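Colleague: From first to last, the protein sequence lines are chains U and F.
In the numbering used here, each number is its position in the first sequence, counted from 1, plus 60.
In the numbering used here, each number is its position in the second sequence, counted from 1, plus 202.
Let me give you the structure first, and then I'll get to my questions.
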Amino acid sequence: MCMLPTDGGLIYVMGEPERFSTLPLLPFDGAARGFLEQLSARMMADAATRTMPDVMSFAWWCRKTNIERLAKIYDSAELRIGRGLAFHVTPTNVPVNFAFSWAFSLLAGNANVVRLPNRDYPQISFIVGHIAALMGEEAFAELRLMNAFVAYEHQEKITEAFSAIADARIVWGGDATIQAIRKSPLPARGVDVCFADRTSLCVLGAARILELKREALEQLASSFYNDAYIMDQNACSSPRLVIWLGSEAETEEAGMRLWKAVRAQVERRYELAEVASVDKFTQACRDAIELNCVTEMRRGDNRIYRLRLNALTGETANRRCGSGYFYEYATERLDDLAAVVTSQVQTLTYFGVPREELASFVQQNRVRGIDRIVPVGEAMDIGLTWDGYDLIRTLSRICDIH
Amino acid sequence: MSAMTVGLSAMVEDLLGTPPFSMEDGAKRAYYAHALSELTLHHSERSPEYRRIACLLGYRSGDELGMEEVPFIPARLFKEYELRSVERSEITKTMTSSGTTGQAVSKIYLDRMTATNQTKVLVKIVSSFTGSKRLPLLIVDSPAVIKDRALFSARGAGILGFSMLGYDPTYLLDENYKIDFARLDAFLEKHRGSRILLFGFTFVIWEHLCQTLVRVGRQLQVDGILIHGGGWKKLASLAVDNPTFKRVITETCGMSSVYNYYGMAEQTGSIFMECEHGVLHASIYSDVIVRDPVTFSSLGSGRVGLLQLVSLLPTSYPGHSILTEDLGEILGVDDCPCGRKGRYFRVLGRVKNAEVRGCSDVHASH
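Shown next as structure tokens:
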């Protein structure tokens with residue numbers, strides 16, 4: 061048993077700071093699995109879940125069959141055990157990210173202190189409410205002592221106190237947050253898992269898009285919309301650069317086809333904030349001034365900005381705006397892409413390009429970026445392998461037996 | 203000065219002989235289409251940054267554009283780039299916007315011609331409200347604002363501009379922003395029997411004049427006219443609107459002639475004045491276009507959108523057509539009961555900073 065920090069301004073939304081257990085579990089321990097399965101069942105049975113798609117996706121991820129599938133993947137002869145206490149600093153603007161971060165670490169075998177976002181998202185109180193209720197049951201008495209959800213305004217002292225006792229620290233929220241949190245030292249053996257600012261891109265095979273029947277095209281447009289617009293194009297995995305593969309004629313025509321279908325999605329589903337329309341316009345002006353490779357801007361209206369590039373260079377890789385602002389480049393050679401794949405690039409979404417070709421692109425060009433290659437529509441699907449980390453293995457230690 | 207620049211100067215000169223609220227919308231649009239096309243060409247030939255933007259927006263050198271087709275640029279760009287359409291050696295003043303503390307400030311590069319026109323036009327517009335006879339001027343601000351000429355702020359520019367409109371300019375506040383009652387009493391005594399012109403920034407007047415008078419329990423009896431501007435952002439957070447402001451001015455200073463103006467540092471001089479009926483009027487030197495936030499198409503009366511401001515004055519920097527971050531609506535054209543011609547409108551305030559989604563935390567951006 062240990063004591064967690066208590067301090068003015070530190071609120072335990074769930075958890076008992078006076079008696080907290082940091083004894084680790086084995087990865088995919090029965091209690092942890094059982095807990096997530098029941099949590100999933102309860103949330104799925106709660107009608108309110110249906111009104112919150114992001115909560116739904118978390119509940120769906122925790123379901124029994126998925127956890128069983130994952131447990132099989134990690135089933136191996138090596139002896140692994142959780143690191144101890146994991147301290148999570150979660151991002152302010154993705155409501156359910158904290159829940160995934162917590163669930164991953166729980167499955168890795170850790171006790172957890174999760175700092176919640178300082179915003180009143182209904183998703184947070186909903187999920188924490190379900191977790192707390194379930195923790196009250198006798199079967200989860202041990203887990204109850206191992207998990208706490210806390211809230212506090214930016215206070216270095218509190219971050220310091222948690223960091224000082226953490227065996228692992230998981231920091232979301234991008235470069236600036238990471239830099240701020242890193243001022244608080246971890247114990248010598250503590251491990252930092254930091255999710256930095258990243259950017260993502262999309263590779264589309266023009267020929268395949270030209271073959272699509274209307275329904276399939278709409279499906280693709282809807283998937284593309286989900287990747288790009290659901291998080292206002294601000295998630296690390298939202299595509300910002302679109303690469304068209306094919307001849308000039310093909311890419312031009314396929315572009316017209318797909319963007320028209322995406323426009324229909326955007327018109328129906330996306331609400332553009334007034335400030336975002338000024339932001340996007342301002343970004344276009346900046347690009348006009350600063351980038352030599354921008355040749356043309358296409359925007360039917362402010363919901364979709366498309367900036368055509370005549371070259372791929374490192375300077376375009378890190379540019380970001382959000383809310384539906386895309387750079388586009390057409391080429392017949394996938395290898396052209398290597399120039400923009402800096403270590404910043406996280407996800408490559410693809411359609412109409414063989415997956416093997418993409419894998420061999422990464423191998424042959426020995427690129428420093430791209431941690432995920434997934435079909436268009438799966439950009440937002442967070443999992444145990446994220447940002448190039450295997451979270452179960454990073455958040456547990458190996459006991460080497462000979 | 204090139205022949206073209208002389209032409210642009212003459213454009214403003216020509217209008218100085220015309221009453222500032224006398225042009226009907228139809229005539230004005232035709233005039234502005236040409237004038238703004240000329241200005242667009244002027245700036246695209248001289249400011250490389252502006253040229254690149256205009257080009258990306260589809261502008262081709264020499265295009266004759268309709269008033270609503272003239273490219274606009276966001277006000278924010280003046281905070282990020284050195285945008286000017288004259289050689290650095292011709293710049294006589296660099297004006298900075300007051301800007302909220304901690305944020306980047308706009309930098310506006312003025313040459314002699316633009317600066318002179320700003321002053322002339324300001325005098326022209328305001329004196330159509332105050333009368334051509336110059337009045338004793340009480341500035342509701344501290345001389346500290348203009349002391350450091352190197353820090354030439356839009357607020358300082360406003361004060362200097364208004365100083366042309368009156369005589370015996372006297373600062374009401376001391377260096378510490380406290381009312382100098384001795385100076386105030388002496389000023390009122392000296393000009394007893396004459397109408398007085400008061401000028402200041404809205405929030406300064408509210409905070410340092412109204413609030414102080416309420417606190418010390420003093421009521422002035424000023425026979426005069428108050429002109430104020432600078433925005434409602436701070437007062438909106440105190441839930442003080444224009445009618446409240448006017449009422450409190452009447453209660454504390456005894457004046458009922460209170461006029462608000464709207465303008466931006468990027469278009470100093472060609473301000474929009476509030477009339478007796480409480481609406482803002484575009485003078486012959488500037489105009490307003492309301493843009494749909496989603497499509498940027500121009501909206502007619504009664505539809506709320508982003509305000510685009512156009513002005514004939516900026517020749518030393520590409521600020522003749524600017525997209526603001528303010529929302530507003532046109533209320534009517536040529537038919538305000540006050541008799542002023544042209545468009546009249548109202549401003550509804552700044553666009554809200556959206557709660558952006560995404561996995562990178564937002565650290566006080568914008």
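All residues carry an ideal CB built from backbone N, CA and C; glycine is no exception.
Only a predicted model underlies this, so the values are computations on that prediction, with no experimental measurement involved.
#1: Rounded to whole angstroms, what's the CA-CA distance from D447/U to I433/U? Just pull it up for me.
#2: Starting from the C-beta of L332/U, find all residues in its chain whose C-beta is less than 8 Å away, skip the five residues before and the five after it, and write them out in chain order.
#3: Within this structure, are the beta carbons of G360/F and G264/F separated by less than 9 Å?
#4: Can you tell which of G551/F, L515/F, L509/F has its C-alpha closest to the C-alpha of L217/F?
#5: Going by the beta-carbon positions, is the gap between L339/F and F364/F smaller than 9 Å?
#6: What first and last residue would you give for the alpha helix (DSSP H) that runs through S329/F?
#7: With a threshold of 9 Å between beta-carbons, can K435/F be considered close to chain U, or not?
#8: Tell me the DSSP secondary structure of C381/U in three-state form.
#9: Which chain U residues are close to F403/F, counting only those with a beta carbon under 9 Å from its beta carbon?
#10: How is the alpha helix (DSSP H) around A237/F delimited, first residue to last?
#11: In chain order, what residues of the segment 323–339 of chain U put their CB closer than 7 Å to some CB of chain F?
#12: If we ignore side chains and look at the alpha-carbon of each, how far apart do L397/U and T342/U end up?
#13: Can a CB atom of chain F be found closer than 9 Å to the CB of T109/U?
#14: Give a yes or no on whether the minimum CB-CB distance between Y311/F and chain U is below 9 Å.
#15: Hey, would you say the C-beta of S283/U is under 8 Å away from at least one heavy atom of the ligand MN?
#16: With a threshold of 9 Å between beta carbons, is G517/U in contact with chain F?
#17: For M291/U, decide whether its Cβ has a neighbour in chain F, counting only Cβ atoms nearer than 9 Å.
#18: Below 9 Å between beta carbons: does that hold for I218/U and F411/U?
#19: By Cβ distance below 7 Å, which residues in the same chain neighbour T220/F in space, the five residues on each side in sequence not counted?
#20: Based on the DSSP output, what are the partners of K309/F in its beta bridges?
#21: Leaving out five residues on either side along the sequence, give the residues of the same chain with a beta carbon under 8 Å from the beta carbon of E313/U.
#22: Does DSSP classify W434/F as helix, strand or coil?
#23: Under DSSP, the alpha helix (DSSP H) around F284/U begins and ends at which residues?
#24: Leaving aside the five residues before and after R394/F along the sequence, list all residues of the same chain whose C-beta is less than 7 Å from its C-beta, in chain order.
#25: Between which two residues does the beta strand (DSSP E) holding T259/U run?
#26: The beta strand (DSSP E) with H190/U in it runs from where to where?
#27: Would you verify that the beta carbon of C345/U is, or is not, closer than 9 Å to some beta carbon of chain F?
#28: Distance cutoff 9 Å, beta carbons only. Does V553/F sit that close to anything in chain U?
#29: Using only the alpha-carbon positions, how far apart do L167/U and F158/U sit?
#30: Looking at the C-beta of Y283/F, does it have a partner C-beta in chain U at a distance below 9 Å?
#31: List the endpoints of the continuous beta strand (DSSP E) containing V149/U.
#32: For P338/F, which of helix, strand or coil comes out of DSSP?
#33: Alpha carbons only, please: which of G507/F, L529/F, V214/F is nearest the one belonging to I327/F?
Modeller: Let me lay it out:
#1: Against the first sequence, residue 447/U aligns to sequence position 387. Against the first sequence, residue 433/U aligns to sequence position 373. Going from the Cα of D447/U to the Cα of I433/U covers about 11 Å.
#2: Here residue 332/U is taken as the residue at index 272 of the first sequence, counted from 1. Excluding positions up to five away in sequence, the list reads N362, R363, S383, G384.
#3: In the second sequence, the residue the question calls residue 360/F occupies position 158. In the second sequence, the residue the question calls residue 264/F occupies position 62. Cβ atoms of G360/F and G264/F: not closer than 9 Å.
#4: Here the question's residue 217/F lines up with position 15 in the second sequence. It is L515/F whose Cα lies nearest to the Cα of L217/F.
#5: Reading the second sequence from its first residue, position 137 is the one you call residue 339/F. Reading the second sequence from its first residue, position 162 is the one you call residue 364/F. Remark: C-beta atoms of L339/F and F364/F approach each other more closely than 9 Å.
#6: The residue labelled residue 329/F in the question sits at position 127 within the second sequence. Secondary structure note for S329/F: its alpha helix (DSSP H) is the uninterrupted segment 314–332.
#7: On the second sequence, residue 435/F is found 233 positions in, with the first residue counted as 1. Chain U contact via Cβ: absent.
#8: In the first sequence, the residue the question calls residue 381/U occupies position 321. Coil, per DSSP.
#9: By 1-based counting over the second sequence, the position of residue 403/F is 201. Per Cβ cutoff of 9 Å: no residues; F403/F is ~24 Å from chain U at best.
#10: In the second sequence, counting from the first residue as 1, residue 237/F sits at position 35. A237/F -> alpha helix (DSSP H) spans 227–248.
#11: Those residues of the segment 323–339 of chain U that come within reach of chain F (Cβ to Cβ, closer than 7 Å) are L332, A333, E334, V335, A336, S337, V338.
#12: On the first sequence, residue 397/U is found 337 positions in, with the first residue counted as 1. On the first sequence, residue 342/U is found 282 positions in, with the first residue counted as 1. Cα to Cα, L397/U sits roughly 27 Å from T342/U.
#13: Here residue 109/U corresponds to residue number 49 of the first sequence, with the count starting at 1. T109/U does not count as touching chain F.
#14: Walking along the second sequence from the start, residue 311/F turns up at place 109. The beta-carbon of Y311/F is placed no less than 9 Å from the nearest beta-carbon of chain U.
#15: The model on display carries no ligand, and the ligand MN is accordingly not part of it.
#16: The structure shown does not extend to residue 517/U, since chain U spans only 61 to 462, so no value can be given for it.
#17: Counting from 1 along the first sequence, the entry for residue 291/U is found at position 231. Answer yes: the Cβ-Cβ gap between M291/U and chain F drops below 9 Å somewhere.
#18: As a first step, residue 218/U must be located in the first sequence, where it is residue number 158. As a first step, residue 411/U must be located in the first sequence, where it is residue number 351. The answer is no: Cβ separation not under 9 Å.
#19: Stepping through the second sequence from its first residue, residue 220/F is reached at position 18. I486, listed in sequence order.
#20: What you label residue 309/F is simply residue 107 of the second sequence in a count that begins at 1. DSSP lists T298/F as partners of K309/F.
#21: As a position in the first sequence, residue 313/U is number 253, starting the count at 1. Excluding residues up to 5 positions away in sequence, A266, L270 lie with their Cβ nearer than 8 Å to the Cβ of E313/U in the same chain.
#22: Mapped onto the second sequence, residue 434/F falls at position 232. For W434/F, the three-state secondary structure derived from DSSP is coil.
#23: The count along the first sequence starts at 1 and reaches residue 284/U at position 224. In the DSSP assignment, F284/U falls within the alpha helix (DSSP H) that extends over 274–289.
#24: What you label residue 394/F is simply residue 192 of the second sequence in a count that begins at 1. Excluding residues within five positions, none has a Cβ falling inside 7 Å.
#25: On the first sequence, position 199 is the one that residue 259/U refers to. DSSP places T259/U inside the beta strand (DSSP E), whose first and last residues are 259–265.
#26: Taking the first sequence and counting its residues from 1, one reaches residue 190/U at position 130. Note, H190/U: premise wrong, no beta strand (DSSP E); alpha helix (DSSP H) at 182–195.
#27: On the first sequence, position 285 is the one that residue 345/U refers to. By this cut-off, C345/U is an interface position.
#28: By 1-based counting over the second sequence, the position of residue 553/F is 351. Chain U, which has a Cβ nearer than 9 Å to the Cβ of V553/F, makes this yes.
#29: Translated into the one-based positions of the first sequence, residue 167/U becomes position 107. Translated into the one-based positions of the first sequence, residue 158/U becomes position 98. Whole-angstrom Cα-Cα distance: 14 Å.
#30: Along the second sequence, read from residue 1 onward, the residue named residue 283/F stands at position 81. Nearest CB-CB separation between Y283/F and chain U: below the 9 Å threshold.
#31: As a working note, residue 149/U is residue 89 in the first sequence. 145–149 is the span of the beta strand (DSSP E), which, as asked, contains V149/U.
#32: On the second sequence, residue 338/F is found 136 positions in, with the first residue counted as 1. Strand.
#33: The residue labelled residue 327/F in the question sits at position 125 within the second sequence. Answer by Cα proximity: V214/F.
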